[in-house]
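Participant: Dropping a structure here in structure tokens format, bear with me for questions.
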Amino acid sequence: MMRHLIIKILLFIPFIAISQELLINTSNRNTTSLNGTWNYIVDPYETGYYNYRYEPYDQLPEKNNSAFYNNYHASNKLELVEYDFDKSPTLTVPGDWNSQYEKLFYYEGTIWYKRSFDYSFLNENNRLFVYFGAINYKAEVYLNGKKLGIHEGGFTPFNFEVTDIVKPKGNYLVVKVDNKRFKEAIPTINTDWWNYGGITRDVKLIEEPKTFIHDYKVQLKKGNANIVSGYVKLNNSLGNEAVTISIPELKINKTYTAKNGAIEFEINTKKISYWSPESPKLYDVFIKTAQQSLKDEIGFRTIETVGPDILLNGKSIFLRGICIHEENAMRGARAYNNADALVALNWAKELGCNYVRLAHYPHNEYIVKLADKMGMMVWEEIPVYWTVDFTNKKTLNIAKNQLTEAITRDKNRAAIIIWSMANETPPSEARNTFLKNLINHSKSLDDTRLVSAALEKHYKDGFNVVDDEIGNYLDIVAFNQYTGWYGGSLEDAPNAKWNIKFNKPVVISEFGGGALQGFHGTIQERWTEEYQEYLYEQNLKMIEKIPNIRGTSPWILNDFRSPKRVLPDIQDGWNRKGLISNHGIKKKAFFTMQNFYKKMKLQYQ
Ligand code: GCU
């Protein structure tokens, strides 16, 4: 009774934000999926958001049923209502809208989604959250006509508390999704990938106790392979709750008393089987309070650089990588589930990879957790891509928020060894300040992983030069180079001279070239499989001689959609640099790369 009285009072509060702290490890919480068919309304003029004076309805004092988030239905035959979700078509969630309807293929703008649901609490003292794996690009979320909040950024999760708004019957969750590109955004207007819009990842309700475990980190202490350390944070802590960390296989079972809603711990253990690509050991980790027990599967490993070496568990490694976009090429759509992740990582495994560069934005949690299980090291990146608005404080805050959400979600994943701040950004004072800010932010959130960014090289006095000042602040000097595709001579490539200004590990974060699968000819003809194969052969002869080379991730695993690639009969809206076509067929260069990795694996036994 009390809850409904509260609801009545709260319904007059125009904007409610009770708790928006990100929930992690949601797959092991008490969830109810809201995946499935949602009604949608295409709204290019944002008629459902602004009145005819272009004032946002949700900023006006009085409620207006013309606002789509009110999900209004005419109460008689005379009343004027010009929308109706229940009579509108449906989109499948999760999933981009571009690939679901021909008419939405190129659509960039606002689409409203609506999903109705009933909800009964397991325990009436519990709390309820609505969680989105990702929405591209900007989301404004309403439940039962109340605005929960706004999220900007297309590739990281967020949640809103709905405890005091949800009803037992007839809830309507309305989401305004806007994927218009704009200069101040992250990414900015210009990218070489499809701007898939929509609720592109899972949506779920999460029921939590009044005081719950909302965040935790359980990893090896930086620089010490025998100490499991971390923290647990409680939400709505009442004082000195007992929090237990249990890792049965390590015979760890320790209880701590929370202070200010949190505990920190360092636990000595000598018996760890370290996570590695060859042996991706994951431990069952339990975090318990009187109200809740959360289970996670966590691997323990050290990652560091010493001079030009990358040391995994103290052993020098070579990153046998491949770049991957978050797209199921055969569907020509955003990837969003475990099946999609399996396709990509199985291909990477077949190529001989021990590492993947998840370009150019945080991918969904399925592929990161699968990388943990399969033993695939990961480069995770935020989409500070090309020429973002480096002088804009709002843009920096958007980038920092995306980095925070990515690290918050994935900080317990052993597979992730590198956080990448950017891709091919043009050096400048403003850009260096922007990236240094991100690097510091990354290290403040997680000092156990390496930080990098995909830089570029230039050519001077016969040398390929890498002297980007930001390299001084990175643990790994990674750069993209396209010898034989965007210039440079393939014949001369094996004898190329390099001047890399850092005594740090060097990783070629991209190289490659395009080929239309099935188009055959000579190495003198661009777009043939033979040209791509020759390009790989010559680049690899060059790469293996680059000083301090410790890894590479060719661009890219498979062909992917891009509005920039419009050459008829060859590209037709696809970037053709994949080693595998968008029909899942391997090109000749795939096997060139596979042979190279067989050799590198032996060299680094
Ligand atoms: C760039 C960029 C990629 C792009 C690729 C290409 O290096 O990082 O996002 O797709 O080159 O030109 O194909």
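When we follow my numbering, the leftmost residue of the sequence shown carries the number 7, and every step to the right adds one. Each residue gets a CB set at the ideal place from its N, CA and C atoms; glycine is no exception.
(1) Measuring CA to CA, which of 593, 423, 608 and 566 is closest to residue 333?
(2) Nearest-angstrom Cα distance between residue 220 and residue 505?
(3) Any idea what DSSP makes of residue 80, helix, strand or coil?
(4) Can you determine whether any heavy atom of the ligand GCU sits closer than 7 Å to the C-beta of residue 486, and answer yes or no?
(5) Could you give the DSSP three-state label for residue 380: helix, strand or coil?
(6) Could you pull the start and end residues of the alpha helix (DSSP H) that residue 157 belongs to?
(7) Which word fits residue 257, buried or exposed, when buried means at least 16 other C-beta atoms lie within 10 angstroms of its C-beta?
(8) Closer than 7 Å to a non-hydrogen atom of the ligand GCU - does that hold for the CB of residue 561?
(9) Any heavy atom of the ligand MG inside 7 Å of the beta-carbon of residue 198?
(10) I'd like to confirm something about residue 545: is its beta-carbon nearer than 7 Å to some heavy atom of the ligand GCU, or not?
(11) Give the range of the beta strand (DSSP E) segment to which residue 601 is assigned.
(12) Which first and last residues belong to the beta strand (DSSP E) in which residue 144 is found?
(13) By how many angstroms is the C-alpha of residue 194 removed from the C-alpha of residue 229?
(14) Ends of the beta strand (DSSP E) at residue 109?
(15) Is any non-hydrogen atom of the ligand GCU found closer than 7 Å to the C-beta of residue 366, if you look at the structure I gave you?
(16) Tell me where the alpha helix (DSSP H) around residue 548 begins and ends.
(17) Rank 339, 444, 98 and 377 by C-alpha distance to the C-alpha of residue 353 and give the top, closest one.
(18) Counting only runs that start and end within the stretch 163-246, where is the alpha helix (DSSP H) found for 4 or more residues in a row?
(19) When the Cα of residue 539 is compared with those of 598, 284, 261 and 575, which residue comes out closest?
(20) In this structure, does DSSP put residue 442 in helix, strand or coil?
(21) Are the beta-carbon atoms belonging to residue 217 and residue 242 less than 8 Å from one another?
(22) Excluding the 5 residues flanking residue 667 on each side, which residues of the same chain have their C-beta closer than 6 Å to its C-beta?
(23) Under the criterion of a Cβ to heavy atom distance below 7 Å, does residue 583 qualify as lining the ligand GCU?
(24) With 16 other CB atoms within 10 Å as the buried threshold, where does residue 188 fall?
(25) Count the other CB atoms, across all protein chains shown, that sit within 10 Å of the CB of residue 149; report buried if there are 16 or more and exposed otherwise.
(26) For residue 1, which of helix, strand or coil comes out of DSSP?
(27) What is the rounded straight-line gap between the Cα of residue 21 and the Cα of residue 154?
(28) Is any non-hydrogen atom of the ligand GCU found closer than 7 Å to the C-beta of residue 429, if you look at the structure I gave you?
(29) Nearest to residue 451 by alpha carbon, out of 412, 475, 441 and 467?
(30) Does the count of Cβ pairs from the stretch 234-241 and the stretch 265-277 closer than 8 Å reach three?
(31) Under the rule that 16 or more other beta-carbon atoms within 10 Å means buried, what is residue 249, buried or exposed?
(32) Curious, which full-length beta strand (DSSP E) runs of at least 3 residues does the stretch 469-514 contain?
(33) Under 6 Å Cβ to Cβ from residue 39, same chain only, skipping five residues before and after it: list those, please.
Facilitator: A quick look at the data gives this:
(1) Here residue 333 corresponds to residue number 327 of the sequence shown, with the count starting at 1. Checking every option, the nearest Cα to that of residue 333 belongs to 566.
(2) Stepping through the sequence shown from its first residue, residue 220 is reached at position 214. Stepping through the sequence shown from its first residue, residue 505 is reached at position 499. Rounded to the nearest angstrom, the two C-alpha atoms are 48 Å apart.
(3) If you number the sequence shown from 1, residue 80 lands on position 74. The three-state secondary structure of residue 80, taken from DSSP, is coil.
(4) Along the sequence shown, one-based indexing puts residue 486 at 480. Answer for residue 486: yes, Cβ within range of the ligand GCU.
(5) Here residue 380 is taken as the residue at index 374 of the sequence shown, counted from 1. DSSP places residue 380 in helix when its eight states are reduced to three.
(6) For the purposes of this step, residue 157 is taken as the residue at position 151 of the sequence shown. In this chain, residue 157 is not harboured by any alpha helix (DSSP H); it is covered by the beta strand (DSSP E) spanning 152-158.
(7) Here residue 257 is taken as the residue at index 251 of the sequence shown, counted from 1. Exposed is the call here.
(8) Residue mapping note: residue 561 aligns to position 555 of the sequence shown, counting from 1. The answer is yes for residue 561.
(9) As for the ligand MG, it is missing from this structure, which binds only the ligand GCU.
(10) Position 539 of the sequence shown, counting from 1, holds the residue named residue 545. No, the beta carbon of residue 545 sits no closer than 7 Å to any heavy atom of the ligand GCU.
(11) As a first step, residue 601 must be located in the sequence shown, where it is residue number 595. For residue 601, no beta strand (DSSP E) segment is defined; the enclosing uninterrupted segment is the alpha helix (DSSP H) at 594-609.
(12) Here the question's residue 144 lines up with position 138 in the sequence shown. Run containing residue 144: 144-149, per the beta strand (DSSP E) assignment.
(13) By 1-based counting over the sequence shown, the position of residue 229 is 223. By 1-based counting over the sequence shown, the position of residue 194 is 188. Computed Cα separation, rounded: 37 Å.
(14) Locating residue 109 in the sequence shown gives position 103, where the first residue counts as 1. For residue 109, no beta strand (DSSP E) run applies, since DSSP gives it neither H nor E.
(15) Numbered from 1 along the sequence shown, position 360 holds the residue referred to as residue 366. Placement of the Cβ of residue 366 at a distance of less than 7 Å from at least one heavy atom of the ligand GCU is found.
(16) For the purposes of this step, residue 548 is identified with residue 542 of the sequence shown, where counting begins at 1. Start and end: 535-549.
(17) Here residue 353 refers to the residue found at position 347 when the sequence shown is read from its first residue. By alpha-carbon distance to residue 353, the top candidate from 339, 444, 98 and 377 is 377.
(18) The qualifying runs do not exist here; there are none.
(19) For the purposes of this step, residue 539 is taken as the residue at position 533 of the sequence shown. Distances from the alpha-carbon of residue 539 to those of 598, 284, 261 and 575 put 598 closest.
(20) Here residue 442 refers to the residue found at position 436 of the sequence shown. DSSP, reduced to helix, strand and coil, places residue 442 within a helical segment of the structure shown.
(21) Counted from its first residue, the sequence shown places residue 217 at position 211. Counted from its first residue, the sequence shown places residue 242 at position 236. In contact: residue 217 and residue 242 (Cβ atoms closer than 8 Å).
(22) A query on residue 667 cannot be resolved here, the shown segment of the chain reaching from 7 to 611 and no further.
(23) Counted from its first residue, the sequence shown places residue 583 at position 577. It does: the Cβ of residue 583 is within 7 Å (strictly closer) of some heavy atom of the ligand GCU.
(24) Within the sequence shown, residue 188 is the residue found at index 182, counting from 1. Burial call: exposed.
(25) Residue 149 sits at position 143 when you count from the first residue of the sequence shown. Residue 149 comes out buried.
(26) Residue 1 cannot be examined here, being either before or after the span of the chain that is shown, 7 to 611.
(27) For this step, residue 21 is matched to residue 15 along the sequence shown. For this step, residue 154 is matched to residue 148 along the sequence shown. With a pLDDT of 42 at residue 21, under the threshold of 50, the modelled position of this residue cannot be trusted; read the value that follows with caution. Straight-line Cα distance between these residues: approximately 7 Å.
(28) For the purposes of this step, residue 429 is identified with residue 423 of the sequence shown, where counting begins at 1. Under cutoff, so the answer is yes.
(29) As a position in the sequence shown, residue 451 is number 445, starting the count at 1. Of the candidates 412, 475, 441 and 467, the one whose C-alpha sits nearest the C-alpha of residue 451 is 412.
(30) Touching, yes, given that three or more Cβ pairs across the two stretches are closer than 8 Å.
(31) For the purposes of this step, residue 249 is identified with residue 243 of the sequence shown, where counting begins at 1. Per the 10 Å Cβ criterion, buried.
(32) Unbroken beta strand (DSSP E) runs of no fewer than 3 residues, entirely contained in the stretch 469-514, are found at 469-472, 483-486 and 504-506, following chain order.
(33) Residue 39 sits at position 33 when you count from the first residue of the sequence shown. Sequence-distant Cβ neighbours of residue 39 in its own chain, meaning closer than 6 Å and more than five residues away, are 210.
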